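Top line first, the protein sequences correspond to chains A and B. So for the first sequence, my numbering puts the first residue at 9; every next one is plus one. So for the second sequence, my numbering puts the first residue at 2; every next one is plus one. Every residue, glycine too, gets a C-beta built ideally from N, C-alpha and C. Keep in mind it's a predicted model, so treat the numbers as computed, not measured. Remarks on the structure that follows.
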Amino acid sequence: MSYEFDFSFLDEYLPDLWHGIWLTLGMTTASILPGFALGTLCAVGRLYGPPWARRAVVIYVEGIRNTPLIIQVFWLFFGLAVLQVRIGPFAAAVIALVINVGAYTAEIMRAGFLSIPKGQIEAASCLALKPSQALWSVQLPQAVERVYPALVSQFVLMMLATSIMSQISAEELTGVAYMIQSFTFRGFEVYLVIAVIYLVMASLLRLTLLGVAQVSFPRRRRLGTPL
Amino acid sequence: MLGLTIEQIAYLFRGAGWTIVLSLLGFVGGTLLGLPVALARSSQSRLARALSGVLVQVVQGIPLPVIMFVVYFGISIGGFDVPALVAAGVAMTLYAGAYLGEIWKGCILAVPRTQWEAGECLALTSTQRFVFVILPQALRIAVPPTVGFLVQIVKNTSYSVVINFFDLTYSAKVINNSTFRPFTVFTIAALIYFAICFPMSLLASRFERRLHRG
Numbered sequence: 009m010s011y012e013f014d015f016s017f018l019d020e021y022l023p024d025l026w027h028g029i030w031l032t033l034g035m036t037t038a039s040i041l042p043g044f045a046l047g048t049l050c051a052v053g054r055l056y057g058p059p060w061a062r063r064a065v066v067i068y069v070e071g072i073r074n075t076p077l078i079i080q081v082f083w084l085f086f087g088l089a090v091l092q093v094r095i096g097p098f099a100a101a102v103i104a105l106v107i108n109v110g111a112y113t114a115e116i117m118r119a120g121f122l123s124i125p126k127g128q129i130e131a132a133s134c135l136a137l138k139p140s141q142a143l144w145s146v147q148l149p150q151a152v153e154r155v156y157p158a159l160v161s162q163f164v165l166m167m168l169a170t171s172i173m174s175q176i177s178a179e180e181l182t183g184v185a186y187m188i189q190s191f192t193f194r195g196f197e198v199y200l201v202i203a204v205i206y207l208v209m210a211s212l213l214r215l216t217l218l219g220v221a222q223v224s225f226p227r228r229r230r231l232g233t234p235l
Numbered sequence: 002m003l004g005l006t007i008e009q010i011a012y013l014f015r016g017a018g019w020t021i022v023l024s025l026l027g028f029v030g031g032t033l034l035g036l037p038v039a040l041a042r043s044s045q046s047r048l049a050r051a052l053s054g055v056l057v058q059v060v061q062g063i064p065l066p067v068i069m070f071v072v073y074f075g076i077s078i079g080g081f082d083v084p085a086l087v088a089a090g091v092a093m094t095l096y097a098g099a100y101l102g103e104i105w106k107g108c109i110l111a112v113p114r115t116q117w118e119a120g121e122c123l124a125l126t127s128t129q130r131f132v133f134v135i136l137p138q139a140l141r142i143a144v145p146p147t148v149g150f151l152v153q154i155v156k157n158t159s160y161s162v163v164i165n166f167f168d169l170t171y172s173a174k175v176i177n178n179s180t181f182r183p184f185t186v187f188t189i190a191a192l193i194y195f196a197i198c199f200p201m202s203l204l205a206s207r208f209e210r211r212l213h214r215g
């Protein structure tokens, strides 16, 4: 087999690659916090909410977790187009990602809330904290701290999942790769480069999120206990 | 029915059939690759651990659609014209092998150390120890997460749409392009996926509860 590798496309298309990288990172960062908030809200609703809220959360979580992201994206994007709502691929992608990652986060955060010792909640009520105060300043920080590594993995997976957003014509990294490939006919080389870029981005995102934990978890900072 | 003809619905189910075929391919291939990876990841040899660790990290750090593209274009530079099924099958094998290997490594290491030591005391060779003592116990632990991962495999076959493999997602896309009824088409597709995945999710969590009860 004599195949000549040719990476010369890198020079010409470097700006496009940067553009794709920024869009991928932008989509990811725009989805992390809303997705986390939605998931936490659902976890709280599932654990402490009225029966109808619990049932609604179960349906939402199981519905999302048992269907592919790409079907959810198509449903939303093409559905909105039929309803004459024009929001563009980037916004549609972010909404779909938030809804998707919210369901996974809900399960992770539920496990986090369930793992908090009962004594913590009792101590909070002894200190005359209202249930909402206890939830916000006692349970939530501890739950996040306990499940943080799982959350990080989930958000890294979400970053990798943005690679299908080119299917709804969002020009993220994989979409840029497809464009370069169709001009240069160097599909193998293009996607090898893209794969390496994703690897680096996944590692950087993981390191950044773990770095955030170092700074933001007071117990970790003061006592040095592992996450 | 629902604004779709019987043929169009049948077309969706034909796609669903190929989704199942690709899922099975991915699971069988993933098992064949995942077993050696799990053994290497939990082995005594530092080199084997490092090499298999790199494989797992690399596959888990690259999006599955990109793996599909790399395999698709990678096979075709050899001058072969590959059917999308082969490329998608190889990509699913790599993907499932890396994840299953990592899951099963955890199951092997979850068997208490004392079991290894007891096997040694009974003068079993290391192969005997592994096959007769460790493996049966590891398999029991491995059932719930493996069934759970099957759900991931079925869902992630949908990414093969990027190399135009004819599966449920692709057929739904085609029907939507010709009928322009996205809510109907993609709701049906989602329901079919749900009907495949949800029973397995339930099964996985039931197995898990049973395992914890002992």
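Boundaries of the alpha helix (DSSP H) in which residue i is found, first to last residue
{"i": "I68(B)", "result": "65-77"}
{"i": "M209(A)", "result": "195-224"}
{"i": "D19(A)", "result": "17-56"}
{"i": "W144(A)", "result": "First-last for W144(A): undefined, no H or E at that position."}
{"i": "T170(B)", "result": "169-180"}
{"i": "K156(B)", "result": "136-157"}
{"i": "G35(B)", "result": "7-42"}
{"i": "K138(A)", "result": "Looking at the DSSP string, K138(A) is not in any alpha helix (DSSP H), and its letter there is neither H nor E."}
{"i": "G71(A)", "result": "59-73"}
{"i": "S206(B)", "result": "183-214"}
{"i": "Q80(A)", "result": "77-90"}
{"i": "G80(B)", "result": "Looking at the DSSP string, G80(B) is not in any alpha helix (DSSP H), and its letter there is neither H nor E."}
{"i": "F121(A)", "result": "96-122"}
{"i": "A124(B)", "result": "Run containing A124(B): none; DSSP gives neither H nor E here."}
{"i": "R47(B)", "result": "47-62"}
Contact list for residue i against chain A, beta-carbon separation under 8 Å
{"i": "G98(B)", "result": "Here the premise fails: no neighbours, minimum Cβ distance about 17 Å."}
{"i": "Y194(B)", "result": "N74, T75, P76, I79"}
{"i": "V71(B)", "result": "F196, Y199, L200, A203"}
{"i": "K256(B)", "result": "Not covered by the structure: residue 256(B). The range shown for chain B is 2 to 215."}
{"i": "F14(B)", "result": "Those do not exist, as F14(B) stays about 15 Å from chain A at its closest Cβ, beyond 8 Å."}
Nonlocal neighbours in the same chain, by C-beta distance under 7 Å from residue i, ignoring five residues either side
{"i": "F150(B)", "result": "Y100, L101, I104"}
{"i": "V106(A)", "result": "S39, P42, G43, L46"}
{"i": "G120(B)", "result": "R130, V134"}
{"i": "M201(B)", "result": "V148, L151, V152"}
{"i": "S77(B)", "result": "V83"}
9 Å Cβ cut-off: residues of chain B touching residue i
{"i": "V90(A)", "result": "F181, R182, P183, F184"}
{"i": "T182(A)", "result": "P64, P66, V67, F70, V163"}
Residues near residue i by beta carbon distance below 8 Å, same chain, minus five either side
{"i": "G80(B)", "result": "none"}
{"i": "E197(A)", "result": "F13, D14, F15, F17"}
{"i": "F70(B)", "result": "V163, I164"}
{"i": "A85(B)", "result": "Y73, S161, I164, N165, F166, F167"}
{"i": "L52(B)", "result": "A41"}
{"i": "Q61(B)", "result": "A99, Y100, E103"}
{"i": "I254(A)", "result": "It is not possible to answer for residue 254(A), since the shown part of chain A is limited to 9 through 235."}
Neighbour list for residue i in chain B, Cβ cutoff strictly below 7 Å
{"i": "P42(A)", "result": "Going along chain B, no residue has its Cβ under 7 Å from P42(A), so there is no contact; the nearest lies around 21 Å."}
{"i": "S171(A)", "result": "P64, P66, V67"}
{"i": "A210(A)", "result": "G62"}
Same chain, Cβ closer than 6 Å to residue i, five either side skipped, listed in chain order
{"i": "F163(A)", "result": "I40"}
{"i": "A205(B)", "result": "P145, V148, G149"}
{"i": "S170(B)", "result": "Sequence check: residue 170(B) is Thr here, not Ser. Around T170(B): S159, V162."}
{"i": "T32(A)", "result": "T170, E180, L181"}
{"i": "C108(B)", "result": "A139, I142, A143"}
{"i": "K106(B)", "result": "A39, R42, S43"}
{"i": "V65(A)", "result": "C50, G53, R54"}
{"i": "Q150(A)", "result": "I124"}
Contacts of residue i in chain A (Cβ-Cβ under 7 Å)
{"i": "I78(B)", "result": "Y11, F196"}
{"i": "A1(B)", "result": "Nothing can be reported for residue 1(B): it is not among the residues displayed for chain B, which extend from 2 to 215."}
{"i": "T170(B)", "result": "P76, I78, I79"}
{"i": "K106(B)", "result": "Chain A residues near K106(B): none, gap ~16 Å exceeds 7 Å."}
{"i": "S159(B)", "result": "P76, I78, I79"}
Neighbour list for residue i in chain B, Cβ cutoff strictly below 8 Å
{"i": "W83(A)", "result": "P183, F184, F187, T188, A191"}
{"i": "Y68(A)", "result": "In chain order: nothing, as chain B lies at least about 13 Å away."}
Chain A residues whose Cβ lies nearer than 9 Å to that of residue i
{"i": "N177(B)", "result": "F82, F86"}
- So does the region 42-60 of chain B actually touch the region 118-125 of chain B, counting three or more Cβ pairs closer than 8 Å? no
Could you tell me which whole alpha helix (DSSP H) segments of length 4 or greater appear in the region 143-194 of chain A? 148-169, 181-192
Do the region 67-82 of chain A and the region 216-224 of chain A meet, that is, are 3 or more Cβ pairs less than 8 Å apart? no
Next on the checklist: Between the region 162-179 of chain A and the region 91-103 of chain A, can you find at least three pairs of beta-carbon atoms closer than 8 Å?
Outcome noted: yes
Q: Specify whether the region 177-190 of chain B and the region 108-116 of chain B touch according to this definition: at least 3 beta carbon pairs, one from each stretch, less than 8 Å apart.
A: no
*When the Cβ atoms of the region 73-82 of chain A are set against those of the region 145-153 of chain A, are three or more pairs found closer than 8 Å?*
no
*asked:* For the region 186-196 of chain A against the region 12-25 of chain B, do three or more pairs of beta-carbon atoms, one drawn from each stretch, fall closer than 8 Å, so that the two count as touching?
replied: no
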